[in-house]
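Enquirer: Could you have a look at this structure, given as structure tokens, before my questions?
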Amino acid sequence: MIPASEFIWSHKNPYPSTPISTTTSAFLLIFFGRWTYRRVQQALGEKDPMRTSRQIFLFITLCILLFPAWRKKDYVHFHPIDMLLYDAKLHHDRYLETVGDTVSLGETVARYRQRYNRNPPPDFDVWFEYAKNRSALIVDEFDQIYDDLLPFQAIPPADLRRRTWEMVSNPWNEISGITIRSGEAKVQENVLPTHRWMLEGVAVLINSFAQYLPDMDLAFNLNDESRVAVPYEQIQHLRRQSLSQDMSGSASWSADRAAGWLPIPEHEYRESVFRENSWRNSFRMFGSAGCPPSSLARNSPQISSHSHLCGACVAPHSLGQFLANWTDAADICHQPDMAHLHGFYLSPAAFKASHQLMPVFSQSKPHGYNDILYPSAWNYMDKVVYKPVPPSGTPGAEDANPGFPDPPFSAKKNVLFWRGATSEGVSSESTAWRGMTRQRLVHMSNNLTTHPHDKVTILLPNPADHTKYKYQTLPGPAVKQLGLATDIAIVDFIARCGGHDCDDQKAEFALLPPSDFQAHWGFKYLFDLDGAGFSGRFLPFLQSHSLPFKTALFREWYDSRLTAWLHFVPQDGRLHGMWSTLAYFAGVDGTMWGQKIWWKGHDAEGEMIAEAGREWAGKVLRKEDMECYFFRLLLEWGRLTDDRRDELGFVVP
Ligand SMILES: *[C@@H]1O[C@H](CO)[C@@H](O)[C@H](O)[C@H]1NC(C)=O
């Protein structure tokens, strides 16, 4: 009776749809269970501990409770995206109230004290001026820095410096250092040559404000994959300990800070707290380590199927088929199925991880990792850049070329576009590639839509009644018949594979030659996915007039600044809502079961999000904003590593 009741209750929503026969069977099972129980009791001659009238009352109550779930409708009156767009506006307006302003230093300091319950770090006034001169819009809300650094407060400053030294002294760690002395940031000598450009980019970024920084060293993760996953019990303990520390003095930096940082040893240091964990599933050991023991991720038996939608895993952050809360969707603790749905968990290419809290600066991280986020040099140094090329014949055009312009939204192709490599993780004789998001996206768009035996579920207007929407399960080719267009492909060759996994992927995916990055702007919808870590393309996508669809396990420093459904279109990593989302924006025009079906695309909404994202990115995701974020982060890091940190702080004179 209990599993049957649970089943009905958990399937009370229109999506994922369950056939009425299944819920009816579950309902009958409840009756059958009840009946059997009575018979067994009667046969044993036992007297019921509960009075019959009370039993019947309880049973009827249960039935009444479950009845609506059983008789659930498979249609909805409002399109979930309409609601989500509305919610997103409200959320962004609430967010705007928390960002503060640069009107008065005194008030900003007071708000800092209120928010973080301590004084700002020394030289906060310099930071404030810096931010003001760069017209920073966000002055108060730096919760990411606070959250990232909080647990380190439980570790003594000398220990933090020692750990930094340990990490950068052993090249095997793939962690390299930047040293800041007398207001200048320099890359340490022993950096791997392949990663020199990256650290040099970081040094350029730091040097835009390094003159205001005290002496310190920093340890940077050279890999895309994150590094530090402290188990839940320990990290909770550290956070509690940190909260009891008071950092509200008013002194400035200690003199002679440089002496506190050891130089790189002449002979290689061999110890390491990191463990090699590449090429194998890392979810149990690291991915879910930061989750509470009671959570699904730590509790449920390993879900090893990547072809079945786990309803309980998506429900907490979804509205029907759509991703409803971008923040909650990052929380891995209710999503044990992600262990088999992302390359980083399935089989990371370069993954040396630690359970001990180490101060590593990384460009991105999934939920539960304890790396310290910093703005990536990838974007700061323009490794990928939004730079449309005007066609020849227009002013500014170089020579005779068709160009790669960025036309207004309505003039773009009504197509969802993606190009990329199979770089999310390594698949070597393991079939891991079948679960990786990138491969699943390509498979979904190109292979599923050609086989009549494959099924897709799309939310479409109810043909009989145009005020309602209905989840329709259709054969794969229906997607094309409805006029939903995608241009999604892997380019060049199959990367990061071994053995038959290379051939299998070659047989599965039609490879295309690489295209110019600026060709993206010809399309209305651009898909954005993680690679081995974060996606470097997302900022250019935002800056364009196109509309980015984004799914991301890896989150960056600016995650809280953006609002999903207002600045971009969020997608669940399982991709089950992709067709419905595309149908909403692009519209449908085709036939279904011999019936003509036409649904006007939501072009205005699409353009609104594309433009809002572009405008907002131009305000809070500029290079100046990366500088302000990093500057503030390093003032906090400077205080954390100062022997007198409890006495340090800034107060308005
Ligand atoms: C997402 O959920 C959290 C609570 O888990 C809430 O604080 C936040 O406002 C929600 N975000 C949106 C966009 O609704």
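Numbering of the sequence shown is given in the UniProt record's numbering, commencing with residue 1 and proceeding in unit increments. Glycine is no exception: its CB is placed at the ideal position from the N, C-alpha and C atoms. This structure is a prediction, so every number in the text was calculated from the model and none was measured.
Return yes when the C-beta of D87 is under 7 Å from any heavy atom of ligand 1, and no when it is not.
Expert: Correct: D87 has its Cβ closer than 7 Å to ligand 1.
Enquirer: How is P80 classed by DSSP in three states: helix, strand or coil?
Expert: Here P80 sits in helix by DSSP.
Enquirer: The alpha helix (DSSP H) with R440 in it runs from where to where?
Expert: Counting along the chain, the alpha helix (DSSP H) containing R440 begins and ends at 437-442.
Enquirer: Answer yes or no: the CB of T164 versus the heavy atoms of ligand 1, is any distance below 7 Å?
Expert: Checking the Cβ of T164 against ligand 1 gives no.
Enquirer: So if DSSP puts V491 in a beta bridge, which residue, or which two residues, is it bridged to?
Expert: For V491, which the question treats as bridged, DSSP gives the partners L512.
Enquirer: Give the DSSP-derived three-state secondary structure of Y146 in the structure shown.
Expert: Reduced to three states, the DSSP call for Y146 is helix.
Enquirer: Which residue or residues does DSSP assign as beta-bridge partners of T591?
Expert: According to DSSP, which records beta bridges pairwise, T591 is partnered with K596.
Enquirer: Is R270 helix, strand or coil when you go by DSSP?
Expert: Looking at R270 - three-state DSSP - the assignment turns out to be coil, as it is neither helix nor strand.
Enquirer: Check the DSSP bridge columns for M381 and list the partner residues they point to.
Expert: For M381, which the question treats as bridged, DSSP gives no partner whatsoever.
Enquirer: Helix or strand or just coil, what does DSSP make of F568?
Expert: Strand.
Enquirer: Quick one, are the C-beta atoms of P265 and G638 less than 8 Å apart?
Expert: No, they are not a contact pair.
Enquirer: Using only alpha-carbon positions, find the residue among E424, G590, R181, A219 that is nearest to L441.
Expert: Of the candidates E424, G590, R181, A219, the one whose C-alpha sits nearest the C-alpha of L441 is E424.
Enquirer: Let me check you understand the geometry: is the CB of D643 closer than 7 Å to at least one non-hydrogen atom of ligand 2?
Expert: Questions concerning ligand 2 fall outside what the structure shown contains, since the ligands it does hold are ligand 1.
Enquirer: Quick check: the Cα distance between S535 and G594, rounded to an integer number of angstroms?
Expert: Whole-angstrom Cα-Cα distance: 41 Å.
Enquirer: Given this structure, state the Cα-to-Cα distance separating H244 from K387, to the nearest angstrom.
Expert: For clarity, residue 244 is Ser in the given sequence; the question names His instead. One C-alpha to the other measures close to 49 Å.
Enquirer: Compute every distance between the C-beta of T327 and the non-hydrogen atoms of ligand 1, then say whether any falls below 7 Å.
Expert: True, at least one ligand heavy atom lies under 7 Å from that Cβ.
Enquirer: State the DSSP-derived secondary structure class of V187, mapped to helix, strand or coil.
Expert: DSSP places V187 in strand when its eight states are reduced to three.
Enquirer: Could you tell me the alpha carbon to alpha carbon distance between A353 and D224, rounded to whole angstroms?
Expert: Rounded to whole angstroms, A353 to D224 spans 12 Å at the Cα level.
Enquirer: Enumerate in chain order the residues of its own chain whose CB-to-CB distance from A251 is below 6 Å, with the five nearest sequence positions on each side excluded.
Expert: Here the set comprises E647, L648.
Enquirer: Is T563 near ligand 1 - that is, is its Cβ less than 7 Å away from at least one heavy atom of it?
Expert: It does: the Cβ of T563 is within 7 Å (strictly closer) of some heavy atom of ligand 1.
Enquirer: Between the Cα of Y629 and the Cα atoms of C502, F31, V139, I81, which residue gives the shortest distance?
Expert: Checking every option, the nearest Cα to that of Y629 belongs to V139.
Enquirer: Between G320 and V479, is the Cβ-Cβ spacing less than 8 Å?
Expert: No, the pair does not count as a contact, with Cβ atoms beyond the cut-off.
Enquirer: Can you tell me which of the three DSSP states F527 falls into?
Expert: Looking at F527 - three-state DSSP - the assignment turns out to be strand.
Enquirer: The alpha helix (DSSP H) that contains K623, what's its start and end?
Expert: K623 -> alpha helix (DSSP H) spans 623-640.
Enquirer: Please check the pair S17 and T457, which I expect to be a contact at CB under 8 Å, by giving their CB distance rounded to whole angstroms.
Expert: Yes, S17 and T457 are in contact; Cβ-Cβ is about 7 Å, under 8 Å.
Enquirer: Less than 7 Å between C-beta atoms, sequence neighbours within five positions excluded: which residues of the same chain meet that for G201?
Expert: Excluding residues within five positions, the ones whose Cβ falls inside 7 Å are A377, Y380, M381.
Enquirer: Using the three-state DSSP reduction, which class does F209 fall into: helix, strand or coil?
Expert: Looking at F209 - three-state DSSP - the assignment turns out to be coil, as it is neither helix nor strand.
Enquirer: In this structure, how does DSSP classify M216 when only helix, strand and coil are distinguished?
Expert: In this structure, M216 counts as strand in the three-state DSSP scheme.
Enquirer: May I have a chain-ordered list of the alpha helix (DSSP H) segments no shorter than 4 residues that lie completely inside the segment 274-335?
Expert: For the segment 274-335, whole alpha helix (DSSP H) runs of length 4 or above, ordered along the chain, are 296-299, 311-314, 326-330.
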